[in-house]
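Enquirer: Position 5 of the sequence shown, counted from 1, bears residue number 4 in numbering that gives the first Met the number 0, the numbering being contiguous throughout. Here a beta-carbon is modelled for each residue, glycine too, at the ideal position from N, C-alpha and C. First the structure, which I've put down as structure tokens, then a few questions once you've had a look.
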Amino acid sequence: MPWHVALALAITACGLALRFVHARTFLSAGHASDYESAMQAVRWVDTHRRLFDAGDELHVGYHAPLWYVAAAAVFHASHAVRPIAYLSVGAWLVRQWVLAKIVRAALPRRPVAGLLSLALSAVLPIGVLVDGKIYNEGLHAALFAVALWFLFKIERQGAVDPRAVRRRDALAFGAFAGLAMLTKTTALVLLVCFAALLGAWAWRAGLGRLRSVTRPLVELGLAGAGGWLGVAGWWCVRNYRKFGHPFPHQYMLRQVAVLHDHPIVAEPLAYRRPIGWALPTQFEWLGWPYGPWSRPNFWANLVGGTWSDILHRGLCRSRLPGPTVTAWRDATRVNFACLDASRWCIWIGCALTALTVWGALALARQYLRTRGRNGSLVVPASVASTVLLLLAFGAAYPFDHHPVIKANYALCASTPLCACFAFAVSAAGRGPLGRLAEGAVALGVAAVGALVALQVMVF
0 MPWHVALALA ITACGLALRF VHARTFLSAG HASDYESAMQ AVRWVDTHRR
50 LFDAGDELHV GYHAPLWYVA AAAVFHASHA VRPIAYLSVG AWLVRQWVLA
100 KIVRAALPRR PVAGLLSLAL SAVLPIGVLV DGKIYNEGLH AALFAVALWF
150 LFKIERQGAV DPRAVRRRDA LAFGAFAGLA MLTKTTALVL LVCFAALLGA
200 WAWRAGLGRL RSVTRPLVEL GLAGAGGWLG VAGWWCVRNY RKFGHPFPHQ
250 YMLRQVAVLH DHPIVAEPLA YRRPIGWALP TQFEWLGWPY GPWSRPNFWA
300 NLVGGTWSDI LHRGLCRSRL PGPTVTAWRD ATRVNFACLD ASRWCIWIGC
350 ALTALTVWGA LALARQYLRT RGRNGSLVVP ASVASTVLLL LAFGAAYPFD
400 HHPVIKANYA LCASTPLCAC FAFAVSAAGR GPLGRLAEGA VALGVAAVGA
450 LVALQVMVF
């Protein structure tokens with residue numbers, strides 16, 4: 000067995016152990032965010048033997064049904080709640096497998112970069128937190144990742160000529176994108192990336208060659224759309240017939256109550272949030288990782304929540320004796336050891352985030368400079384589209400009495416983000432400076448892993 004394969008398996012085993020411990024020992028009361036609403040829906044499906052919808056009196060009634068059906072099947076078979084969390088644990092293994100395939104295909108001669116990206120995926124705090132919970136985000140992120148893998152394959156096959164793309168890969172992409180849609184509507188991002196790729200190929204062909212590539216582009220588009228409609232179309236049609244929208248949200252259906260409690264929603268979109276909310280201008284979370292902070296900020300929730308359990312929902316069990324402080328509107332208490340660990344995670348995580356963002360921009364730049372022959376469009380576009388979707392939703396519904404935007408809503412972007420991280424590491428080169436950079440990055444990832452392990456197993 001090659002050394003890098005053995006090391007990849009060891010890294011994955013460590014990440015699996017963290018998630019398995021978390022799934023076996025998570026605290027539901029007061030810690031597991033959305034646990035009660037999720038289990039209410041699971042029990043509802045198990046009792047009624049049918050799907051719920053946005054019109055039912057369930058907090059998560061507007062959610063797509065796939066995870067709830069799977070969770071209800073596990074609950075019915077095991078007569079226990081905790082085994083449902085293993086759905087999320089298994090879903091992470093799928094994401095890890097997809098990430099390994101992407102980085103191996105993109106960087107076959109840079110195994111160290113691939114290993115570091117796998118290590119980051121294994122210890123990412125938001126991943127460890129959500130991948131051991133009873134909720135739909137883990138399964139959604141796994142199906143999203145598989146669809147992204149097929150989309151990445153399509154991008155590679157058509158790097159020179161879109162006629163080389165296998166239609167069955169486009170069909171498989173559409174099918175897995177449909178499954179992801181049946182888990183969470185954030186999967187719309189995948190269709191946006193697919194359309195962007197086809198558009199980029201049409202632009203690359205120019206007027207002179209557009210006629211020659213029109214037919215293969217149309218065939219690919221029909222194959223992808225056909226796979227998606229075949230899997231998820233029935234659910235969208237069902238929603239449209241009942242509620243007049245393919246993806247109804249509870250805020251849409253309960254508009255009168257929403258406007259009564261939050262009249263700001265009646266204002267034009269540009270007036271609902273101050274510009275500072277959408278800009279990285281709030282850094283209170285660097286010193287105090289638990290929200291809410293004095294000023295609401297999109298990036299504080301997204302970046303801070305990626306590297307720390309900002310709502311204190313169970314990553315740290317606060318089992319050590321000694322003084323504690325209140326977290327998230329006095330809902331829970333956390334000990335000082337966990338507070339310090341979260342602070343260190345955030346500081347190290349900011350550096351790793353900057354490196355990842357640089358990798359995403361470099362991937363897109365290389366794609367544009369080489370006219371699609373190198374780099375990637377779909378990997379960074381999937382991240383950017385997810386972030387923009389969350390930004391738009393948070394701007395449309397400016398409710399700060401509860402976290403409308405949370406980092407776990409972007410868990411589906413963790414796989415493409417880790418792929419961007421691998422590309423950034425590989426750009427350091429093979430010389431002494433490159434090895435020094437790889438060592439510094441490895442030290443940072445290892446430090447995050449140690450801090451997360453302390454929170455899950457000790458603090």
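1. Just confirm the distance between the C-beta atoms of residue 223 and residue 173, as a whole number of angstroms; I'd bet it's less than 8 Å.
2. Is residue 244 near residue 185, with beta carbons less than 8 Å apart?
3. Going by the beta-carbon positions, is the gap between residue 353 and residue 385 smaller than 8 Å?
4. Could you name the residues that DSSP lists as bridge partners for residue 324?
5. Taking 8 Å as the CB-CB limit, is residue 112 close to chain B?
6. Out of 83, 103 and 49, which has the shortest C-alpha to C-alpha gap to residue 425?
7. In its own chain, which residues sit with a C-beta less than 6 Å from the C-beta of residue 358, not counting the 5 before and 5 after it?
8. Going by beta carbon distance, what residues of the same chain come within less than 7 Å of residue 85, once the five residues before and after it are set aside?
9. By DSSP, does residue 131 sit in helix, in strand, or in coil?
10. Specify, as a first and last residue, the run of the alpha helix (DSSP H) that residue 234 falls within.
11. What is the DSSP secondary structure of residue 80, reduced to helix, strand or coil?
12. Can you tell which of 81, 347 and 145 has its C-alpha closest to the C-alpha of residue 179?
13. Please state whether the Cβ-Cβ distance between residue 94 and residue 414 is less than 8 Å.
14. Between which two residues does the alpha helix (DSSP H) containing residue 4 stretch?
15. Taking the Cβ atom as the reference point for each residue, do residue 410 and residue 129 lie within a distance shorter than 8 Å?
16. Just list the beta strand (DSSP E) runs in the segment 342–430, keeping only unbroken ones of 3 residues or longer that don't cross its boundaries, in chain order.
17. Mark residue 241 as exposed unless 16 or more other C-beta atoms lie within 10 angstroms of its C-beta, in which case mark it buried.
18. Alpha carbon to alpha carbon, what distance is there between residue 221 and residue 164?
19. List the endpoints of the continuous alpha helix (DSSP H) containing residue 300.
20. Within its chain, find whatever has a CB closer than 6 Å to the CB of residue 286; leave out the 5 residues flanking it on each side and keep chain order.
21. Taking 8 Å as the cut-off, decide whether the C-beta atoms of residue 318 and residue 324 are in contact.
22. Beta-carbon separation of residue 284 and residue 292 under 8 Å?
23. How about the segment 225–242 and the segment 196–211: do they share at least three Cβ pairs that are nearer than 8 Å?
24. Tell me the residue span of the alpha helix (DSSP H) that contains residue 136.
25. Which first and last residues belong to the alpha helix (DSSP H) in which residue 54 is found?
26. Grouping DSSP H, G and I as helix and E and B as strand, with all else coil, what is residue 182?
27. On the three-state DSSP scale, how would you describe residue 166?
28. Would residue 282 be called buried (16 or more neighbouring beta carbons within 10 Å of its own) or exposed?
29. Would you mind giving the Cβ-Cβ distance between residue 161 and residue 212, rounded to the nearest angstrom? I have them listed as a contact below 8 Å.
30. For residue 266, which three-state DSSP category applies?
31. Within 10 angstroms of the Cβ of residue 62, are there 16 or more other Cβ atoms? Answer buried if so, exposed if not.
32. Count the other CB atoms, across all protein chains shown, that sit within 10 Å of the CB of residue 112; report buried if there are 16 or more and exposed otherwise.
33. Use the C-beta contact count for residue 122: other C-beta atoms within 10 angstroms, 16 or more gives buried, fewer gives exposed.
34. In angstroms, rounded to a whole number, what distance separates the CA positions of residue 381 and residue 74?
Expert: Considering the structure as presented:
1. Within the sequence shown, the letter at position 224 stands for residue 223. Within the sequence shown, the letter at position 174 stands for residue 173. Contact flag correct, Cβ pair sits at about 4 Å.
2. Locating residue 244 in the sequence shown gives position 245, where the first residue counts as 1. Locating residue 185 in the sequence shown gives position 186, where the first residue counts as 1. At least 8 Å separates the beta-carbon of residue 244 from that of residue 185.
3. Taking the sequence shown and counting its residues from 1, one reaches residue 353 at position 354. Taking the sequence shown and counting its residues from 1, one reaches residue 385 at position 386. In terms of Cβ geometry, residue 353 and residue 385 do not form a close pair [threshold 8 Å].
4. Position 325 of the sequence shown, counted from the start, is the residue given in the question as residue 324. Answer is 333.
5. In the displayed structure, chain B is absent; only one protein chain is listed.
6. Counting from one through the sequence shown, the residue named residue 425 turns up at place 426. Checking every option, the nearest Cα to that of residue 425 belongs to 103.
7. Residue 358 sits at position 359 when you count from the first residue of the sequence shown. Excluding sequence neighbours, residue 358 sits near 419, 420, 422 and 423.
8. As a first step, residue 85 is located in the sequence shown; it is residue number 86 there, counting from the start. Closer than 7 Å at the Cβ level, and outside the excluded window around residue 85, lie 22.
9. Position 132 of the sequence shown, counted from the start, is the residue given in the question as residue 131. In this structure, residue 131 counts as coil in the three-state DSSP scheme.
10. For the purposes of this step, residue 234 is taken as residue 235 along the sequence shown, with counting starting at 1. It spans 187–242 - the alpha helix (DSSP H) in which residue 234 sits, taken as one unbroken run.
11. Mapped onto the sequence shown, residue 80 falls at position 81. In this structure, residue 80 counts as coil in the three-state DSSP scheme.
12. On the sequence shown, position 180 is the one that residue 179 refers to. When each option's Cα is compared against that of residue 179, the closest is 145.
13. For the purposes of this step, residue 94 is taken as the residue at position 95 of the sequence shown. For the purposes of this step, residue 414 is taken as the residue at position 415 of the sequence shown. Closer than 8 Å, so yes.
14. Translated into positions along the sequence shown, residue 4 becomes position 5. Judged by DSSP secondary structure, residue 4 falls within the alpha helix (DSSP H) whose first and last residues are 2–24.
15. Here residue 410 refers to the residue found at position 411 when the sequence shown is read from its first residue. Here residue 129 refers to the residue found at position 130 when the sequence shown is read from its first residue. Yes, the Cβ-Cβ distance between residue 410 and residue 129 is below 8 Å.
16. Correct list: empty.
17. Counting from 1 along the sequence shown, the entry for residue 241 is found at position 242. Classification of residue 241: exposed, given that the 10 Å Cβ count is below 16.
18. Position 165 of the sequence shown, counted from the start, is the residue given in the question as residue 164. Position 222 of the sequence shown, counted from the start, is the residue given in the question as residue 221. Distance between residue 164 and residue 221, taken at the CA atoms: about 13 Å.
19. Within the sequence shown, numbered from 1, the residue matching residue 300 stands at position 301. In this chain, the alpha helix (DSSP H) harbouring residue 300 covers 297–306.
20. On the sequence shown, residue 286 is found 287 positions in, with the first residue counted as 1. Non-local C-beta neighbours of residue 286 in its own chain, meaning closer than 6 Å and more than five positions away in sequence, are absent.
21. The count along the sequence shown starts at 1 and reaches residue 318 at position 319. The count along the sequence shown starts at 1 and reaches residue 324 at position 325. With a cutoff of 8 Å on beta-carbon distance, residue 318 and residue 324 are scored as not near each other.
22. Taking the first residue of the sequence shown as position 1, residue 284 is located at position 285. Taking the first residue of the sequence shown as position 1, residue 292 is located at position 293. In contact: residue 284 and residue 292 (Cβ atoms closer than 8 Å).
23. Taking a cut-off of 8 Å on C-beta distances, the segment 225–242 does not touch the segment 196–211, as fewer than three cross pairs fall below it.
24. Indexing the sequence shown from 1 puts residue 136 at position 137. Here the alpha helix (DSSP H) through residue 136 covers 136–156.
25. Reading the sequence shown from its first residue, position 55 is the one you call residue 54. Per DSSP, residue 54 belongs to no alpha helix (DSSP H) and is neither H nor E.
26. On the sequence shown, position 183 is the one that residue 182 refers to. Coil.
27. As a first step, residue 166 is located in the sequence shown; it is residue number 167 there, counting from the start. Helix at residue 166.
28. By one-based count along the sequence shown, residue 282 stands at place 283. When all chains shown are included, residue 282 counts as exposed.
29. The residue labelled residue 161 in the question sits at position 162 within the sequence shown. The residue labelled residue 212 in the question sits at position 213 within the sequence shown. About 6 Å separates the two Cβ atoms, so the contact holds.
30. As a working note, residue 266 is residue 267 in the sequence shown. Looking at residue 266 - three-state DSSP - the assignment turns out to be coil, as it is neither helix nor strand.
31. The residue labelled residue 62 in the question sits at position 63 within the sequence shown. Classification for residue 62: buried.
32. Position 113 of the sequence shown, counting from 1, holds the residue named residue 112. Around the beta carbon of residue 112, a 10 Å sphere encloses 16 or more other beta carbons of the protein chains shown; the residue is thus reported as buried.
33. Within the sequence shown, the letter at position 123 stands for residue 122. Label assigned to residue 122: buried.
34. The residue given as residue 381 occupies position 382 in the sequence shown. The residue given as residue 74 occupies position 75 in the sequence shown. Roughly 33 Å between the two C-alpha positions.
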